[in-house]
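Enquirer:
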Amino acid sequence: MRASKTPILINGSPWLLDFRRRSSREFDWEIAEHLEVPEAYFQAYDPLTTWFEWFSRIGYRDYTDAEAEIERDAEENVRQHQVSVQPDLTLTQRLSSEGSIQLPVPFLKTADQFCILSSLLYAGFGVVETRKFHGDTIFLKNVPSVGARHGIEAYVSLDDGRYYYDCEQHRLFSAGYRGDLRSGQIDIVFRPEVYMWRYQTAACLADVYLDLGHILGTLSMVASLYDTSITSRSAEAAPVDLINAVHLQRIAVDGFNP
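Add 751 to the 1-based position in the sequence shown for the working numbering, that's all there is to it.
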């Protein structure tokens, strides 16, 4: 049984995500202040009073009758399985193939920056094999993913524009994506609908960052093979509705320096 609500920080501002109601909202200042400084609860408030305050504001579910709640959750999961449709695993069908760039074979022994970029993208995001599992299509990649969902993708900045990396074709497609990137940087994003298309729960956020850790570690390892380095930083995105976002939630930016 998974929580249907969770408080998270977006750009330093606390938000409450409600996966059952498909909504998110920013906390009011009083609650936000406590969320950023949790020790304030123990210094200025009675714990029981504080618990009731949080319960009324956030609306946690009452698990007094745990067995009934578990049964209701199971019924809801069955309903979601029946009506949910797996989203497209890549976004290429939304883009024009005009001006697309086929990347070179990865892992060539060369100092060419474009070849290094090809190796980084293939190692961190590229598809090794496509399979069917319980009626769903899944990608097998060089990096693991919780539940084989692989909902993390890459946009690349080159001198002449921004490109979406098609992990299945190992190809770059011109995209109208706007990011504050310098040439050679990789903008790493996750697609909420891929992680939550069956279970719209807070647990997916932990899955995203587990997957991201594998990707960043792999990129760093490949960069070292080419005697170069990877510089990662958090991506600063405007606080938007995580539940209803189509496919862009920036989580990191990578740049390599030959």
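Glycine included, every Cβ here is placed at the ideal spot set by N, Cα and C. Owing to the predicted nature of the structure, the values given are computational and were not obtained by experimental measurement.
Among residues of its own chain, excluding the 5 on either side of residue 794, which ones have a beta-carbon nearer than 8 Å to its beta-carbon?
Expert: As a first step, residue 794 is located in the sequence shown; it is residue number 43 there, counting from the start. Model confidence at residue 794 stands at a pLDDT of 47, short of 50, so the residue's coordinates are unreliable; what they give is reported in the following sentence. Contacts found: none.
Enquirer: Per DSSP, residue 917 is paired with what?
Expert: For the purposes of this step, residue 917 is taken as the residue at position 166 of the sequence shown. Bridge partners of residue 917: 922.
Enquirer: If I'm right that residue 973 touches residue 870 with Cβ under 8 Å, what's the distance once you round it to whole angstroms?
Expert: Taking the sequence shown and counting its residues from 1, the one referred to as residue 973 is at position 222. Taking the sequence shown and counting its residues from 1, the one referred to as residue 870 is at position 119. About 6 Å separates the two Cβ atoms, so the contact holds.
Enquirer: Tell me, which residues are paired with residue 966 by DSSP?
Expert: Residue mapping note: residue 966 aligns to position 215 of the sequence shown, counting from 1. None; residue 966 has no bridge partner.
Enquirer: Identify which residue in 902, 923 and 872 has its Cα closest to the Cα of residue 912.
Expert: Taking the sequence shown and counting its residues from 1, the one referred to as residue 912 is at position 161. Checking every option, the nearest Cα to that of residue 912 belongs to 923.
Enquirer: Which residue from 966, 949, 981 and 939 puts its Cα closest to that of residue 834?
Expert: Working through the sequence shown from its first residue, we reach residue 834 at position 83. Residue 949 is the option with its Cα nearest to residue 834.
Enquirer: Residues bridged to residue 867 by DSSP?
Expert: Taking the first residue of the sequence shown as position 1, residue 867 is located at position 116. Looking at the DSSP assignment, residue 867 forms no beta bridge with any residue, so it has no partner.
Enquirer: Three Cβ pairs or more, each shorter than 8 Å: is that satisfied between the segment 844 to 852 and the segment 957 to 971?
Expert: Output reads no: the segment 957 to 971 does not touch the segment 844 to 852.
Enquirer: With a threshold of 16 other CB atoms inside 10 Å of the CB of residue 892, please say whether the residue is buried or exposed.
Expert: Here the question's residue 892 lines up with position 141 in the sequence shown. Buried.
Enquirer: Go ahead and pull the three-state DSSP assignment for residue 824.
Expert: Sequence index remark: in the sequence shown, residue 824 carries index 73 (1-based). Residue 824 falls in the helix class under three-state DSSP.
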